[in-house]
Amino acid sequence: MADCRKTGRSFYLRGGVVRVSASSKIQRSKRVTISSQVVKFLVGVLMFYACRSVSAAQVEAKGHDLPETIVNQLPKRVGVWTRGDVPRRIESKGIFEYMDGAGELYLGYRFRFLEVHEYASANQENILVELYWMESADDAYGLLSGDWGGDAVELSAPAAATTKRPATGEIHALYGAGLLRIWSGNLYARIMAYEESEESKRAVLAIGEAIVSGRSNPPAPSLVKELPAEITPRFRLQPKHIVFLRSHLVLNSVYYLSSENLLDLGLGCEVAATSFSSSLPEAQGKPVQLLLVRYPSTEDARQALKHFQRIYLAEKYHGPTGFSGDQGIVQIEDGWLGFARTGSNLALVFECPDEESAKLFLQSAAQIFQKIEVSHE
Amino acid sequence: MSEEKLVITRRDFVRGAVEVTAGVSLLAAGIETTKAAPTRNSQVVLVRHENVLDAKHAVNSAALLQMLFQLLGQVTGEPNMKLAWRSLVKTDDVVGLVHTNHLNATHKELIDVVRTTLIEAGLPEKNIRMAQGGSDKARACTALIALPALKAHWLTGIGTVLKNYITFSDSPSSYHDEQNAKLGEIWNMPHVKGKTKLVVVDALRPLCDKGPQADPRYMWDYKGLIGGTDPVAVETICLKILLQKRQALRGEPWPLSPPPLCVEMADTRYGLGTSRLEEIRLERLGWSADSLV
């Protein structure tokens, strides 16, 4: 038992018992022999937590009709690999221990917990399966959107009915060099063969198929869905640069703005960051960066814009003209910058070649926000 | 950790003089820095061996030993490994080997060959310790050998030499995010300052994108060791290699984001060495294909 307490196994059991269906699946899948004392202890712990957490489980069930573990969907054997019986479960508090100081990415989205499975083989390197359970499909999409590189893979889950295709098409899975990344509802999955081979690739894809089996694919975040393919034929959307995010750390890894969280981003925010290629001649032809932010409230958006103006446009904010309105276009070192706040929505456009194009981008952003408001998303 | 908070914006970079490696100068950002000495000359040694990794990336320890021998010889000017180590550390030193243990970890074979050759040079085995960890680990050592692995990092741009000592601060999270520019501060803490005798970067199979988990698409067999006694100069060469690899992958400049603020700051603010390519003398030994620098 002492060993159990120190390992991820115990962590999983203690965390997992809150969710009755999940823990019962674990019990069914266990094949290891354990002593009767251990069984008694675990049953006691299960009963204690089950009684204590009924209301919590009920609340969660309302918000998440998907199972919180898909361990039974995962094949026990795939090719020459065999899955271990008990996954590790990592909560927010433990993610830094698991990733040794690099969990900020996942905590930058609304992270619930991580489930880790390992497939072992006698003569091949292992295959690691990480299942990141997020609060919403938007959060899981955001994690995939951090890198659209790799080969798009068609796994078998049906696409949700949607009237508008997201700008990134219908990409839900990407494979490259042994790593398969999947966005499936509120689940983001990484399946990685430590050593890629044809055999390991087949196994990785088979595991991916099993993970998405029976799960529906909700549409991309509304801010992403509404991005136009172009802002006049001069500026075309770069789909591989679309990122959905909530955290300024993630923003900085995409488009570095400041060492400080100038836009007061946080888990309550929805942000689409992307760029548009320009057909203008070389000197003016660099991509234009567009940032669309939905804040929890109008006041949040107002304060964030002030914060941004105070630091990023300091000389204008503190200058004699008192540049601090809700809309503006200004020329700075790397081009024209535009901003526009309406209610709880804020649009920012960077590196425009001229004032007119900044206006066009802000107009387009206003239309996007309006469509979302009208659709009540 | 000092209380002063740095606020750096994109505009600060655009205003500044563009440097080749770090991407931008911080001097124009209004940040108080120490004036760099005008004529520094730091040596960085790059050793590569075509057969140090096999097709499955397994390490050939004999080739690695040969690479370490070449590196030490070039850094110290000594004719053999024993004299080379003895010129860097004393036999009564307590030597801490500071490896990287996550996200593209230092190869165990490199740690082993460093340890073995130190013992052969006359250091008692009990005086050679694995020193990655809290400040107590650094405090217990009289000499440190930094053994980081070459990699980008999603919070600090680069996560190789300077970041390798982050746990010596006892407060790693204080140096993440917007405070990563201050990583050099750790190297000047009393229990760390002056103890680093050599930096040997494991560039056998680097990672050129940021993580937080290793993505095999961004790892490649570079088959190199990069070493020197100036940690900032070594980091600057590492940065150059990462940026060149990224550009080669994308076919266009692919800057690190966030920018690796810590490198130039380690030079201009903390005085740990030079981040200016014109002050770095790069010695290349061994295999030269696709060296990127």
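As you go down the protein sequences, you meet chains A and B in turn. To convert, note that position 86 of the first sequence is 86 in my numbering; the numbers rise steadily by one, no gaps. To convert, note that position 149 of the second sequence is 526 in my numbering; the numbers rise steadily by one, no gaps. Just so you know, even glycine gets a beta-carbon here, dropped at the ideal spot from N, CA and C.
In three-state terms, what does DSSP make of residue i?
i, result
"Asn565/B", "coil"
"Ile329/A", "strand"
"Trp133/A", "strand"
"Tyr188/A", "strand"
"Arg516/B", "helix"
"Val490/B", "helix"
"Lys306/A", "helix"
"Thr651/B", "coil"
"Asp469/B", "coil"
"Glu355/A", "helix"
"Gln363/A", "helix"
"Asp579/B", "strand"
"Gly604/B", "strand"
"Lys559/B", "helix"
"Leu460/B", "helix"
"Val424/B", "strand"
When the distance is taken between beta carbons, is residue j closer than 7 Å to residue i?
i, j, result
"Glu199/A", "Gly79/A", "yes"
"Leu143/A", "Tyr188/A", "yes"
"Arg516/B", "His568/B", "yes"
"Gly176/A", "Gly214/A", "no"
"Cys518/B", "Val466/B", "no"
"Val349/A", "Ala272/A", "no"
"Tyr256/A", "Ser652/B", "no"
"Ser275/A", "Gln238/A", "yes"
"Gly534/B", "Met642/B", "no"
"Leu487/B", "Asp579/B", "yes"
"Trp664/B", "His426/B", "yes"
Nearest to residue i by CA position, among the options, is which residue?
i, options, result
"Val577/B", "Trp462/B, Val391/B and Ala435/B", "Trp462/B"
"Lys622/B", "Pro608/B, Asp607/B and Ala529/B", "Ala529/B"
"Leu179/A", "Leu223/A, Gly185/A and Glu130/A", "Glu130/A"
"Gln124/A", "Phe350/A, Ala203/A and Ser213/A", "Ala203/A"
"Thr453/B", "Gly604/B, Thr645/B, Met566/B and Glu427/B", "Gly604/B"
"Ala366/A", "Leu249/A, Asp326/A, Val330/A and Glu351/A", "Asp326/A"
"Ala140/A", "Ile191/A, Glu170/A, His117/A and Ala220/A", "Ala220/A"
"Asn186/A", "Ser357/A, Glu195/A, His172/A and Val243/A", "His172/A"
"Leu423/B", "Asn565/B, Met458/B, Asn457/B and Glu612/B", "Glu612/B"
"Thr477/B", "Asn541/B, Trp531/B, Leu500/B and Ile657/B", "Asn541/B"
"Leu280/A", "Pro233/A, Asn261/A and Leu265/A", "Pro233/A"
"Phe446/B", "Thr468/B, Met458/B and Ala439/B", "Met458/B"
"Val640/B", "Cys615/B, Ser668/B and Ala520/B", "Cys615/B"
"Leu495/B", "Asp513/B, Gly511/B, Leu474/B and Lys485/B", "Leu474/B"
Nearest chain B C-beta to residue i closer than 7 Å, yes or no?
i, result
"Ser259/A", "yes"
"Glu226/A", "no"
"Gly335/A", "no"
"Asn252/A", "yes"
"Tyr312/A", "yes"
Following the continuous beta strand (DSSP E) through residue i, name the residue where it begins and the one where it ends.
i, result
"Gln289/A", "Val288 to Arg294"
"Leu313/A", "Taken as a continuous stretch (DSSP letters only), Leu313/A belongs to no beta strand (DSSP E), as it is neither H nor E."
"Arg83/A", "Trp81 to Arg83"
"Met507/B", "Ile505 to Met507"
"Thr537/B", "Here Thr537/B belongs to no beta strand (DSSP E), and DSSP marks it neither H nor E."
"Lys528/B", "Ala526 to His530"
"Glu270/A", "Glu270 to Ser278"
"Ala340/A", "Gly335 to Thr342"
"Glu660/B", "Ile657 to Gly663"
Using a Cβ-Cβ distance under 7 Å, would residue i count as near chain A?
i, result
"Arg582/B", "no"
"Pro637/B", "no"
"Thr386/B", "yes"
"Val436/B", "no"
"Val391/B", "yes"
"Ser634/B", "yes"
"Arg594/B", "yes"
"Gly628/B", "no"
"Pro589/B", "yes"
Tell me where the alpha helix (DSSP H) around residue i begins and ends.
i, result
"Gly450/B", "Ser438 to Thr453"
"Tyr109/A", "Run containing Tyr109/A: none; DSSP gives neither H nor E here."
"Pro608/B", "Pro608 to Arg627"
"Arg392/B", "Arg387 to Arg392"
"Glu91/A", "No alpha helix (DSSP H) contains Glu91/A, which is instead part of the beta strand (DSSP E) from Arg88 to Glu91."
"Gly208/A", "Glu198 to Val212"
"Leu223/A", "Ser222 to Lys225"
"Phe378/A", "Outside the displayed range of chain A (1 to 377) lies residue 378/A, so it cannot be described from this structure."
"Leu249/A", "His248 to Val254"
"Val640/B", "Leu638 to Thr645"
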